[in-house]
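Participant: Each residue of the sequence shown is one higher than the one before, starting from 26 at the first, in this note's numbering.
Note that CB positions come from ideal geometry on N, CA and C, so glycine has one too.
Okay, handing you the structure first.
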Amino acid sequence: MTNDYLIKTNFRAQVSTVILSILIATIGSFVDGCVIGIYLGADNMAAYGYALPIVLLLFSALGGALSDGSAASCAVHIGGDNTEMANANFSAACLLSLVFGGIITILGVQFSEPIAVFLGARGHILQPTADFIRALSFGAFPAIFTQVLMAYNRLDGDAMLTVVSVILMTTVNIILDLVFVSKLNLGIYGIGVATSISYTAALLICLLHFFRSSNTLRLTKSQGVPLEVTNIVAVGFPTLLNGVCLSVRGLILNNLLFMAGGLTAVSALSVQNNVNLFLMPVIMGVGITLSIMAGIFYGEGDFGAIERVLRVSMKFGIAACVLLAAALYVIAPYAVELILGDGGEAGIIAVRALRFFSFSLPLALISVNLLYYYQTIKNFTMANAICICHGLVGPVLAALLFSRILSTDGIWLAFSTGEAVVLAGVVVRVKIKNRKWPVSLQDLLMLPAGLESENRHVLDLSISNNMSKVMELSRRISEFCRKYSNNEKKIGRLSLCVEEMVGNIVSHGFKHAGERFIDLRIIIEDDRFIFRIRDNGVSFNPLKYADLENTYGIKIVKGLAKSIDYRHTLGLNNLTIIL
26 MTNDYLIKTN
36 FRAQVSTVIL
46 SILIATIGSF
56 VDGCVIGIYL
66 GADNMAAYGY
76 ALPIVLLLFS
86 ALGGALSDGS
96 AASCAVHIGG
106 DNTEMANANF
116 SAACLLSLVF
126 GGIITILGVQ
136 FSEPIAVFLG
146 ARGHILQPTA
156 DFIRALSFGA
166 FPAIFTQVLM
176 AYNRLDGDAM
186 LTVVSVILMT
196 TVNIILDLVF
206 VSKLNLGIYG
216 IGVATSISYT
226 AALLICLLHF
236 FRSSNTLRLT
246 KSQGVPLEVT
256 NIVAVGFPTL
266 LNGVCLSVRG
276 LILNNLLFMA
286 GGLTAVSALS
296 VQNNVNLFLM
306 PVIMGVGITL
316 SIMAGIFYGE
326 GDFGAIERVL
336 RVSMKFGIAA
346 CVLLAAALYV
356 IAPYAVELIL
366 GDGGEAGIIA
376 VRALRFFSFS
386 LPLALISVNL
396 LYYYQTIKNF
406 TMANAICICH
416 GLVGPVLAAL
426 LFSRILSTDG
436 IWLAFSTGEA
446 VVLAGVVVRV
456 KIKNRKWPVS
466 LQDLLMLPAG
476 LESENRHVLD
486 LSISNNMSKV
496 MELSRRISEF
506 CRKYSNNEKK
516 IGRLSLCVEE
526 MVGNIVSHGF
536 KHAGERFIDL
546 RIIIEDDRFI
556 FRIRDNGVSF
566 NPLKYADLEN
576 TYGIKIVKGL
586 AKSIDYRHTL
596 GLNNLTIIL
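And the structure:
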């Protein structure tokens, strides 16, 4: 019998690191908004709001698309023990970052004013909007490449370096914001320059991992690189599409708000977007962690684990977003005062915007989680449909309808309504495909047909770190094997491997006392026996110790097995033995 112990424990550890990284980076963006609002006034805050769609598109959407596409597809290769394609994936991601970063810098510097006009900036707001876009464009490559390298650092077991790089980036951004604006009087242009420099500092820190001996990712000229370029673009496209939709939505809502309430309403949306920078790390962190873990399980063909990690991510994320929503509703006036100071009418509207927006957070978590999941398993029809409805169609249609009746309040209400439309659409699509209404998460998996052979028999087990359980485990596995094979020699060898390797983990794998669990999977496929052990104990590669004295159990297993593969990914030891 399996349990969720390992997945829960690992998910919480990984999501905490991802959220922390995004949150620390968000502090810098939040400070950008605060410095603009306090030092430069509501007009520059409106300029920031007009520029935000292009910022979301170029930095969050494109950088996120390459990061998500790279990490999700590389995780599948890691799960499938395909080192060559994992390195091709890494090389392709580096190439794409360089190309797109260079293109964005050239276009942003040369055409900042036409871009600002296209975004809706006019009159005295046009020049500061163009200045901000131009300054940010200088940092396009480091901004994109840093996001990509952070994803690989997490996959390659160096998540804390990501946290360090983000801390440095945020510190540099905050210091330079204050210096450039309050001391050098560079205005909103200085805010953009500070952001570009801070991303460059973070990039230099992220690169340190790839000079360490623990790094397992290498640049390669493999013929798989062009294939991985296509793979990254395809898997990452829903993230890019989502960013495009969010940018277009921002453009449309800015104009709707201007018609309904003037620049004060546009400033209120900028405040909401700025506060949302503190809320999105939780939603994005849950989705990114789900994507990486689901990708590894998908590569392994462990579909039971996919369902479990999806369930864990939903429970964790919804609980966190309910708490965030309640907190936001209460502290909305204080958040607005922090950003706008005495914001007058814009402040009053912004408080209402935040309180309406708070109700959309749990629904947004579900939408984003499903987006990342479908993106990872390459169900692009579902992923792209969610992007379009979540990022654009749902909120915009609701805003067009409700703004006629409720003015600006109708636009604030549109966020929750739009998320409800997304979830209703998912339910209907699953109903059509499965020919029944979904009643559980398993109904939402929508895994491709034919992934498992009819001759493939699987046993999943979780056992506690108790030596008395090991002998019982061996008996249960032998009984399972005899149902589908009469090869007593292999069954005996498998039992011996189980006793030796699981016993070794129970005896030496955990530093601290207390109950822990080890996940095991037995696969019988034709005449092949596959034994996989997963645990979150200390990192231990048995292959490095097979030739040492006093490692008789490891030597015996190595002699019996056709192949043994070990990897340490996302804080988990993964040992696969094929007999």
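By DSSP's criteria, T601 is part of a beta bridge. Which residues make up the other side?
Facilitator: Paired residues: R557, D590.
Participant: Going by DSSP, which residues form a beta bridge with S489?
Facilitator: The partner list for S489 (beta bridge, DSSP) reads F542.
Participant: I need the boundaries of the alpha helix (DSSP H) containing F328, first residue and last residue.
Facilitator: Here the alpha helix (DSSP H) through F328 covers 328–365.
Participant: Mind the definition here: the region 550–567 touches the region 284–295 only if three or more C-beta pairs lie below 8 Å; say whether that holds.
Facilitator: Verdict: no, contact absent.
Participant: Answer yes or no: do G249 and A113 have a C-beta to C-beta separation smaller than 8 Å?
Facilitator: Yes.
Participant: Rounding to the nearest angstrom, what Cα-Cα distance links R37 and I257 in this structure?
Facilitator: Distance between the alpha carbons of R37 and I257: 26 Å.
Participant: Quick one: measure Cβ to Cβ for G366 and G62, integer angstroms, because I've assumed they're closer than 8 Å.
Facilitator: Confirmed, Cβ separation roughly 7 Å.
Participant: Taking 8 Å as the threshold, find out whether the region 305–317 comes into contact with the region 449–458 through three or more Cβ pairs.
Facilitator: The region 305–317 is not in contact with the region 449–458.
Participant: Which value, in whole angstroms, describes the spacing of the CA atoms of A607 and H533?
Facilitator: Only positions 26 to 604 of the chain appear in the structure, and residue 607 is not among them; the question remains open.
Participant: Going along the chain, which unbroken runs of the alpha helix (DSSP H) with 4 or more residues stay wholly within the region 108–147?
Facilitator: Complete alpha helix (DSSP H) runs here, min 4: 108–135, 137–143.
Participant: So if DSSP puts E550 in a beta bridge, which residue, or which two residues, is it bridged to?
Facilitator: E550 is bridged to R481, R553.
Participant: Answer yes if the region 288–298 comes into contact with the region 62–74, meaning at least three C-beta pairs across the two stretches below 8 Å, and no otherwise.
Facilitator: Yes, they touch.
Participant: In its own chain, which residues sit with a C-beta less than 7 Å from the C-beta of I158, not counting the 5 before and 5 after it?
Facilitator: Around I158: A76, I79, G133, S137, I140, A141.
Participant: Under the assumption that I413 contacts C270 (Cβ atoms under 8 Å), give the Cβ distance between them as a whole number of angstroms.
Facilitator: About 6 Å separates the two Cβ atoms, so the contact holds.
Participant: For F236, tell me which candidate among L174, K494, L545 has the shortest Cα-Cα distance.
Facilitator: That would be L174, whose Cα lies nearest to the Cα of F236.
Participant: Per DSSP, what kind of secondary structure is D106 in: helix, strand or coil?
Facilitator: D106: coil per DSSP, three-state reduction.
Participant: Mark T594 as exposed unless 16 or more other C-beta atoms lie within 10 angstroms of its C-beta, in which case mark it buried.
Facilitator: T594 should be labelled buried.
Participant: Taking the straight line between their C-alpha atoms, what separation do you get for A345 and T314?
Facilitator: Computed Cα separation, rounded: 15 Å.
Participant: I think V197 touches I222, with their Cβ atoms under 8 Å apart; what is that distance to the nearest whole Å?
Facilitator: At roughly 6 Å, the Cβ-Cβ gap stays under 8 Å, so V197 and I222 are in contact.
Participant: Which term fits Y214, buried or exposed, when burial requires 16 or more other beta carbons within 10 angstroms of its beta carbon?
Facilitator: It is buried - the Cβ of Y214 has at least 16 other Cβ atoms within 10 Å.
Participant: Given F405, which residues of its chain have a CB within under 8 Å of its CB, disregarding the five upstream and five downstream residues?
Facilitator: Here the set comprises A259, F262, P263, Y399.
Participant: Out of curiosity, what's the CA-to-CA distance linking V527 and H482?
Facilitator: In a straight line, the C-alpha of V527 is about 21 Å away from that of H482.
Participant: What is the residue span of the alpha helix (DSSP H) that T42 lies within?
Facilitator: Per DSSP, T42 belongs to the alpha helix (DSSP H) from 30–60.
Participant: Which word fits E109, buried or exposed, when buried means at least 16 other C-beta atoms lie within 10 angstroms of its C-beta?
Facilitator: Exposed.
Participant: Helix, strand or coil for F507, going by three-state DSSP, please let me know.
Facilitator: It should be pointed out that residue 507 corresponds to Arg in this sequence rather than to Phe. Three-state DSSP puts R507 in a helix.
Participant: Starting from S223, trace the alpha helix (DSSP H) in both directions and tell me its first and last residue.
Facilitator: Looking at the DSSP string, the run of the alpha helix (DSSP H) that includes S223 is 212–231.
Participant: Would you mind stating whether G164 and Y73 have Cβ atoms separated by less than 8 Å?
Facilitator: Cβ distance not < 8 Å, so G164 and Y73 don't count as in contact.
Participant: Where do the N-terminal and C-terminal ends of the alpha helix (DSSP H) with S238 fall, by residue?
Facilitator: That residue, S238, is in no alpha helix (DSSP H); it is neither H nor E in DSSP.
Participant: Since N490 and I543 should fall inside the 8 Å C-beta cutoff, what is the C-beta to C-beta distance between them, to a whole number of angstroms?
Facilitator: Contact flag correct, Cβ pair sits at about 7 Å.
Participant: Less than 8 Å separating the beta-carbons of K587 and L604?
Facilitator: Taking 8 Å as the Cβ cut-off, K587 and L604 qualify as a contacting pair.
Participant: Considering only the beta carbon of each residue, do L194 and A319 sit closer than 8 Å?
Facilitator: The question names Leu, yet the displayed sequence has Met at residue 194. Not closer than 8 Å, so no.
Participant: Could you check if A86 is buried or exposed, using at least 16 other CB atoms within 10 Å of its CB as the buried criterion?
Facilitator: Buried, because 16 or more other Cβ atoms sit within 10 Å of the Cβ of A86.
Participant: Would you be able to state if there are at least three C-beta pairs under 8 Å between the region 464–475 and the region 493–510?
Facilitator: The answer is no - the region 464–475 does not touch the region 493–510, with fewer than three Cβ pairs under 8 Å.
Participant: Using the three-state DSSP reduction, which class does L472 fall into: helix, strand or coil?
Facilitator: The answer is coil: DSSP assigns L472 none of H, G, I, E or B.
Participant: Taking the alpha carbon of G312 as the reference point, which residue from G326, N280, K340, V296 has its own alpha carbon closest?
Facilitator: With distances taken between Cα atoms, G312 lies closest to K340.
Participant: Taking the alpha helix (DSSP H) that C414 belongs to, which residues open and close that run?
Facilitator: Taken as a continuous stretch (DSSP letters only), C414 belongs to no alpha helix (DSSP H), as it is neither H nor E.
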